[in-house]
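The structure appears right after this line, and notes come after that.
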Amino acid sequence: MKELLLIPGPTPVSEEVLSSLSRETIAHTDDRFVNIFLSANQKTKIIFGAENAFPFIIAGSGTLGMEIALTNIIDENENLLVVSHGFFGDRFVEIANALNVQVDHIKSEAGDRVHPDEIMRKIKEKKYKAITITHVDTSTGVIANVEELAQVVRRESPDTLIVVDGVCATGGVREEFDKWDIDVIFTGSQKALGVPPGLTLLAFSKRAIEKRKSLKVTRTYYGDILKWIPVMEDPHKYFATPAVNMVYAIEKSLSMIVNSGLENYFKKHEILSAKVRAAMNILGFDILAKYPAPTLSVFKYPDGIDDLQFRKALFQKGIVVAAALKELSGKYFRMGHMGSITEDELLIAIKRITEVVETLKGNVNKGEVFNSFLSAS
Ligand SMILES: *Cc1c(COP(=O)(O)O)cnc(C)c1O
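The opening residue of the sequence shown carries number 1231 in the working numbering; numbering runs sequentially from there.
The structure is reproduced here in structure tokens:
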């Protein structure tokens, strides 16, 4: 049996994507590769809803995307507002500190989200050059209402740049970069796109690129989008060698998602998350998030189930889930249900979880658990 990697990234990689990785490496300036790269760029715009934006595909993890976002749009000592729903929101504060940016931080309770009025109040008080919003915070499973927050920002402070961390959302959740008037968005290859870790995908608005051009200091060389724009427009050009095989893989996955319908892919995530949560609820696991994301869930252990014992027993049955982070660790665990994962695979996971709960805690009404999985939508 194939091991099921149900952590919030990396996620399972399909056979098609895996075999695209093992194709022969060709020159990064070869026409055949150039066409693959251009196709991947074009599909990157589609998944972000960013027809009018500049797309980038750069080797590095999601955190590189965060750093590229900030280094290209904010100068030292300018004001940044970070809206955080957990660990990954907080990471922007650390990056801002490393870049000598003046940062204010609004943070929700774990599982909750920041109220738009609170953001409104902040931006009335002070002029912010940029604001960051994490679409899905992977530590809490909370999804932000990016559209609503972007409207608030645009209304109160039209020239504040809006940065969206889509790492645990893009592909699995609708994003409308153009319509919502976002300035920078990025994701990582290993979450809802079902590709191994190694690439960050980004989109920048014209406004964000203008801001990059007007920066007083450049604090990044590899991450400078002005160096990458010529390459993304014509990959025959060289700045730094692209990760050729990873570009095969992302192009393969994006093509599969776009060709089978992005709407269907969103819908799949909605339905599978509803099924997993319905079954887990019968098993006694509540979710942390008041505003749950379709890509992952953070489940609270019922009384009598020990975190390490549970995850170890599950691992022995070929199901890998993740520990919760920081103050949530020991009391919760995290389970991804995004990317290439199928309903059949998640049903197997639920069966194995049911067995483990039975071993650790005693009798479970299995019929009810499986029926709730099968009937939820
Ligand atoms: C995973 C994740 C990151 C960090 O990505 P890495 O690839 O681990 O660097 C950032 N933001 C969010 C929301 C994430 O889920």
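Quick reminder that beta carbons are idealized off the backbone N, C-alpha and C, glycines included.
Distance between Pro1465 and Arg1541 (C-alpha atoms, nearest Å) = Roughly 44 Å separates the two Cα atoms.
Sort Glu1254, Asn1271, Gly1401 by Cα distance to Pro1460 and report the nearest one.
-> Comparing C-alpha distances from Pro1460 to each of Glu1254, Asn1271, Gly1401 shows the shortest one belongs to Asn1271.
Ligand 1 heavy atom lying under 7 Å from the CB of Ser1291 = With a cutoff of 7 Å, Ser1291 counts as near ligand 1, since its C-beta is closer than that to a heavy atom of the ligand.
To which residues does DSSP link His1335 through a beta bridge?
-> DSSP output for His1335 lists Val1312 as bridge partner(s).
Environment of Ala1479 [buried if 16+ CB atoms lie within 10 Å] = Taking every protein chain shown into account, the CB of Ala1479 has 16 or more other CB atoms within 10 angstroms, so this residue is buried.
Does the Cβ of Lys1421 lie closer than 7 Å to at least one heavy atom of ligand 1?
-> Yes, the Cβ of Lys1421 comes within 7 Å of a heavy atom of ligand 1.
Whose C-alpha, out of Tyr1521, Lys1581, Val1393, Pro1522, is nearest the C-alpha of Leu1544?
-> Just measuring C-alpha positions, the residue of Tyr1521, Lys1581, Val1393, Pro1522 sitting nearest Leu1544 is Lys1581.
Cβ of Pro1238 versus every heavy atom of ligand 3: is any distance shorter than 7 Å?
-> By its list of ligands, the structure shown excludes ligand 3, since it contains just ligand 1.
Is DSSP giving Phe1204 helix, strand or coil here?
-> The shown model of the chain, from 1231 to 1607, leaves out residue 1204, and the question about it has no answer.
With contact counted as at least three CB pairs below 8 Å, one residue from each stretch, are the region 1368-1380 and the region 1548-1564 in contact?
-> A contact exists between the region 1368-1380 and the region 1548-1564.
Are there three or more Cβ pairs, one per stretch, closer than 8 Å when the region 1355-1363 is compared with the region 1308-1324?
-> Yes, the region 1355-1363 is in contact with the region 1308-1324.
How is Phe1496 classed by DSSP in three states: helix, strand or coil?
-> DSSP places Phe1496 in the helix class (H, G or I) of the three-state scheme.
In the DSSP assignment, what are the bridge partners of Glu1394?
-> According to the sequence as given, residue 1394 is Val; it is not Glu. Assignment of beta-bridge partners to Val1394 by DSSP yields Ile1363, Ile1415.
Limits of the unbroken beta strand (DSSP E) element including Lys1530 | Where Lys1530 is concerned, the enclosing beta strand (DSSP E) stretches over 1526-1530.
In terms of residue numbering, what span does the alpha helix (DSSP H) encompassing Phe1407 cover?
-> Start and end: 1407-1410.
Ignore the nearest five residues each way along the sequence and tell me which others in Gly1548's own chain have a CB closer than 8 Å to its CB.
-> Excluding five sequence positions before and after Gly1548, the CB atoms of its chain that fall closer than 8 Å to its own CB belong to Met1231, Lys1232, Glu1233, Leu1234, Arg1582, given in chain order.
Could you tell me whether the Cβ atoms of Lys1505 and Asp1516 are closer together than 8 Å?
-> Contact: no.
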